[in-house]
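Asks:
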Amino acid sequence: MHGADIITLRLMYSLHAVTVTVYSSISGCTSWDRRREGGGRECKDMGEEFPTTITTVVVVTVREFDPNKDRERVEAVERICEVGPSGKLSLFTDLHGDPICRVRNSPTFLMLVAEIGEETVGMIRGCIKTVTCGKRLYRHGKNHTQPNSKQVPIYTKLAYILGLRVSPHHRRMGIGLKLVQRMEEWFRDNGAEYAYMATEKDNVASVKLFTDKCGYSKFRTPSILVNPVFAHRVTTSPKVTIIQLTPNDAESLYRNRFATTEFFPRDVDSVLNNKLTLGTFLAVPRGSYRSDTWPGSDRFLSDPPTSWAVLSVWNCKDVFTLEVRGVSRVKRTLAKTTRVLDRAMPWLRLPSIPNFFRPFGLHFMYGLGGEGPEAVKMLKALCGFAHNLAKDRGCQVVATEVSSAEPLRFGVPHWKMLSCEEDLWCIKRLGEDYSDGSVGDWTKSPPGFSIFVDPREF
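Residues -17 to -1, 1 to 441 in mature numbering (1 follows the signal peptide of the UniProt record, and there is no 0) are what the sequence shown spells out, letter by letter.
1. Using only alpha-carbon positions, find the residue among Leu305, Arg85, Met166, Ala358 that is nearest to Cys378.
2. How many Å lie between Ala181 and Glu58 at the Cα?
3. Taking C-alpha atoms, which residue in Val293, Phe432, Glu168 lies nearest to Cys110?
4. Just checking, does the segment 171 to 191 make contact with the segment 228 to 243 on the three C-beta pairs under 8 Å criterion?
5. Label Trp398 either buried or exposed according to how many other C-beta atoms from any shown protein chain fall within 10 Å of its C-beta, with 16 as the threshold for buried.
6. If you draw a straight line from the C-alpha of Lys140 to the C-alpha of Lys112, how long is it?
7. Can you list, in chain order, the residues of its chain whose CB lies under 8 Å from that of Arg412, leaving out five sequence neighbours each side?
8. Does DSSP put Phe170 in a helix, a strand or coil?
9. So if DSSP puts Gly352 in a beta bridge, which residue, or which two residues, is it bridged to?
10. Please classify Ala364: is it buried, with 16 or more other beta-carbons within 10 angstroms of its beta-carbon, or exposed?
11. Can you give me the C-alpha to C-alpha distance between Arg119 and Gly414, rounded to a whole angstrom?
12. Specify whether the segment 398 to 409 and the segment 198 to 213 touch according to this definition: at least 3 beta carbon pairs, one from each stretch, less than 8 Å apart.
13. What is the DSSP secondary structure of Lys411, counted as helix, strand or coil?
14. From Ala266 to Val104, what does the alpha carbon distance come to, in whole angstroms?
15. Which residue spans inside the segment 249 to 322 form an unbroken alpha helix (DSSP H) run of at least 4?
16. Round the Cβ separation of Gly367 and Ala292 to the nearest angstrom and send it over; I've been treating them as touching at under 8 Å.
17. Answer yes or no: do Val380 and Leu345 have a C-beta to C-beta separation smaller than 8 Å?
18. Could you tell me which residues DSSP puts in a beta bridge with Gln134?
19. Does the distance from the CB of Leu372 to the CB of Leu362 come in under 8 Å?
20. Please classify Gly394: does DSSP put it in a helix, a strand, or coil?
21. With Leu93 and Glu55 assumed to form a contact (beta carbons below 8 Å), what rounded beta-carbon distance in angstroms separates them?
22. Measuring alpha carbon to alpha carbon, tell me which of Phe264, Val251, Thr91 ends up nearest Gly174.
23. Does the segment 268 to 286 come close enough to the segment 314 to 331 to have 3 or more Cβ pairs within less than 8 Å?
24. Comparing alpha-carbon positions, which option in Pro287, Gly198, Phe435, Val114 lies nearest Ser295?
25. Would you please state the rounded distance, in angstroms, between the beta carbons of Val223 and Pro268? I believe it to be under 8 Å.
26. Just to confirm the assignment: which complete beta strand (DSSP E) runs, minimum length 3, are found wholly within the segment 170 to 203?
This is the structure in structure tokens:
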């Protein structure tokens, strides 16, 4: 995006306007009193009132983020904006001096800033990628379907909005709405067919902005499952063997088994080969395969064991860190006590609370899947492995996001007090044309059992 879009916001009553009422000096009128009602002033000598109303005009500039010019000002706005419902514990994010880090790994991305004069008052990020929005049977020849035809994905170009911030001193002025509208223009210019965003269902202001003013509809309610990293290591089942796959093997497995999963990214190879992906790990029954006897994904899928599970790990710690604020000193002391006991007696495997009250890192588990009657147990072993990996790399949290109907979610250890059972995804249709045939309106489709959460957007 090039150039600047000058948006003039007239702060009238309909937009929570600020008006200044000025009373002009009148000849021979020298004594003024503040009226007790209405806030006007009365000229005692004349006994009359001459109000003049002036509407304040604020000029807001929305333009593309300039890292050389805007970095420090954007960080200042980020610091004063809390993430989470007002009046509760607040979660603050440190972007390590890179405001674009949350979208930088996406195929196409943009960040916009809003200014009043030389002051940065808001920002928004957006990215675009191609994902699975449905599936269809693969047809062999015209108007003919083989009995064992496989399902293939239907793709669409999807945009994602994240990191919308408006300075607390400049809210209720329509700035957030203008940022969203300008970002949607960029989405359309780049061929996006849908746009979606994620928020907590209790974030009333955000939900109202997108659903009431921007035309988004509530779409999916996945669960964010969060587990602390303890001072002790987690023991995994001796009945399970865990194998690390190469990026090529991981891509083959994901495309063969999960390509028709909703939100599956067509460029999954870019995700798996990204330096932030620490690995893809496969759990199988002990005795079925070992690292030195691994035949490759294609042969594995042609004759899989009775049960197996897979997940990948994304290193969010190198992108951003988090910090919990608003916790009482008593609760901080209790949390510290659990860590002291866990370190002193690791054989007891006490569930200690990490130090969330200073900047901490996390690992995100994505691409969770599996098959067979023991798949849940296999996934639990993988989550234990991921916990130990996070501990070794100095992280305090392991997290994932799954569909509310995901059968494998029961294999993901998590603390309810740290998790979000209903994250809210809202979606909007931007265009009528589809790149892979007509599939109807995705915004009206029922949810499936699983979704593929792209770690680049967590």
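For each residue, glycine too, the CB sits at the ideal point set by N, CA and C.
Replies: According to the structure data:
1. Leu305
2. 22 Å
3. Glu168
4. no
5. exposed
6. 6 Å
7. Glu176, Tyr177, Asp424, Trp425, Thr426
8. helix
9. Val293
10. buried
11. 21 Å
12. yes
13. strand
14. 48 Å
15. 251 to 255, 280 to 285
16. Not really, about 12 Å apart at Cβ, beyond 8 Å.
17. yes
18. Leu120
19. no
20. helix
21. With 8 Å as the limit, Leu93 and Glu55 do not qualify as a contact, their Cβ atoms being about 20 Å apart.
22. Thr91
23. no
24. Phe435
25. 7 Å
26. 177 to 183, 200 to 203
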